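Below is one structure, written out as structure tokens; comments come after it.
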Amino acid sequence: MACALAGGIATLAAANDETSSAEQTLTYLYPLAPGSAILGFDQFDDHGGTRVLLEVQIEVDGAMQADITAENDTDLPAPDLSLGLTGVFVLDFEQLGVSDGFSEQFPTDGVGRSDGIPGSGPDFWDFGTVVLPTLALDSTTTDLDVFIGPDTVDAVVFATGGFSLSGASDTTLTVSNYLATGSVTVTYFFKRLPGACCFDDGSCSVGTETECTDAGGVYQGDGTACNPCPQPGACCLPDGTCDERLESACVEAGGLFQGEGSLCVDIACPGACCLDDGSCQFVTAAACDGLGGVYQGDGV
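Each residue of the sequence shown is one higher than the one before, starting from 736 at the first, in the numbering used here.
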């Protein structure tokens, strides 16, 4: 038995309030027949309850295959020599499952009577690699709790089959590299819970991340509530003017933030104060008067 991780859980889509999806693909390769593989898929991560699982889908894309030759061992030609292959493929994944049966015929152009030389000649037919593909899926929207968590959920892949030759009473059938191979993909469909969106004016709304970004807000995360957002306040700018904005915007503009909720009408922005000893301090006009200095103006 052999299997390999082809891709970890990956989020594929997330737009507005549409359904998003996350998928994982595992590959399998094992000899037949019969044979099986156990594939451990990651459970769905609900991010602390901020993502709601809606549907689970499993899909298999695989094949049973073998390299096959046939040889007529009779003294009569076999114009209708044909290979028959029957088999079954089963995939179990909790309450999900796929079952696929095979029954295929692979005709030849006919072969001659035995020439007594094995492995070649007019009595010999090489079918090459015979492949029977499987492509099927199943899904569920109920009883999804078993798929949610930090662990894994096992998918069991089983296949078996058999060969037969018709059109000649005595033949030699050679089968090599008889195996099952393919991939299984589990897809989780889910919705994200909306979250708080903070705006520059201190207001807040609840919506999706895309809606928040499109409206010029700052998204606080899936499932978050509108706790008080950062509030704007008076910002004394380098040019001496005052503007009410968020602290982050004030600092970015090189201003001095006067505190959340402060108003420019209540704020005296500091400026240069020239003192009698020739020194200069950056203080408010009232403080400059108290120092006996000459105030040069707000922001100067």
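We put the CB at the ideal spot given by N, CA and C, even for glycine. Please read these numbers as outputs of a predicted model, since none were measured by experiment.
Endpoints, alpha helix (DSSP H) assigned at residue i
i, result
"T887", "First-last for T887: 887 to 901, but that is the beta strand (DSSP E), not the alpha helix (DSSP H)."
"G832", "Element bounds for G832: not the alpha helix (DSSP H) but the beta strand (DSSP E), 831 to 842."
"A1020", "1020 to 1025"
"V986", "982 to 987"
"D949", "944 to 949"
Residue closest to residue i, alpha-carbon to alpha-carbon, out of the options
i, options, result
"Y923", "V891, G942, G994, G884", "G884"
"D781", "D880, R980, G1013, P967", "D880"
"L774", "T760, A890, Q1031", "A890"
"S918", "V1029, D878, A871", "A871"
"P1005", "T785, S771, C971, S755", "C971"
"F862", "D844, T754, A1021, A1007", "D844"
"T876", "F925, S899, F893", "F925"
"A1028", "D858, C1009, D808", "The sequence given here has Gly at residue 1028, not Ala. Out of D858, C1009, D808, C1009 has the C-alpha closest to the C-alpha of G1028."
8 Å CB neighbourhood of residue i in its chain, flanking five on each side removed
i, result
"G897", "A768, L820, T821, G822"
"S938", "C964"
"F882", "Q778, F779, L788, V791, E829, V888, Y923"
"V941", "P929, G930, A931, C932, A960, C961"
"I1002", "A969, C971, C977, Q993"
"V1035", "G975, G1006, A1007"
Local conformation of residue i per DSSP, three classes
i, result
"V1035", "coil"
"C1004", "coil"
"E753", "coil"
"C964", "coil"
"F882", "helix"
"D810", "coil"
Residue i at chain D interface by Cβ criterion, 7 Å
i, result
"L826", "Absence of chain D from the displayed structure is noted, only one protein chain being present."
Beta-carbon contacts of residue i that lie in its chain and below 6 Å, excluding the five residues immediately before and after
i, result
"A739", "Because the pLDDT of A739 is 36, which lies under 50, any placement of that residue in the model is unreliable, and the number read from its coordinates should be weighed accordingly. Within the same chain, A739 has close Cβ partners T762."
N-terminal and C-terminal residue of the beta strand (DSSP E) that residue i is part of
i, result
"T876", "T876 -> no beta strand (DSSP E), and no H or E assigned at all."
"D796", "786 to 807"
"S849", "Per DSSP, S849 belongs to no beta strand (DSSP E) and is neither H nor E."
"F924", "906 to 927"
"L1010", "Premise fails: L1010 is in no beta strand (DSSP E) and is neither H nor E."
"A772", "770 to 777"
"S817", "817 to 828"
"C933", "930 to 933"
Contact set for residue i: own chain, Cβ-Cβ below 7 Å, skip 5 residues either direction
i, result
"L914", "L764, Y765, P766, L767, Q800"
"E806", "P853, D858, F859, T906, T907"
Open item on the list: Assess contact between the stretch 787 to 801 and the stretch 846 to 855, defined as three or more Cβ pairs (one per stretch) separated by less than 8 Å. Is contact present?
Closed with: Segments in contact, no.
Task: At least 3 beta-carbon pairs within less than 8 Å: the stretch 807 to 817 vs the stretch 897 to 911 - done: yes
Task: the stretch 939 to 948 touching the stretch 827 to 843, judged by at least three CB pairs closer than 8 Å - done: Cβ pair count under 8 Å is below three, so no.
Task: Segment contact flag, the stretch 949 to 961 with the stretch 921 to 935, C-beta cutoff 8 Å, min 3 pairs - done: Contact holds: three or more Cβ-Cβ distances are below 8 Å.
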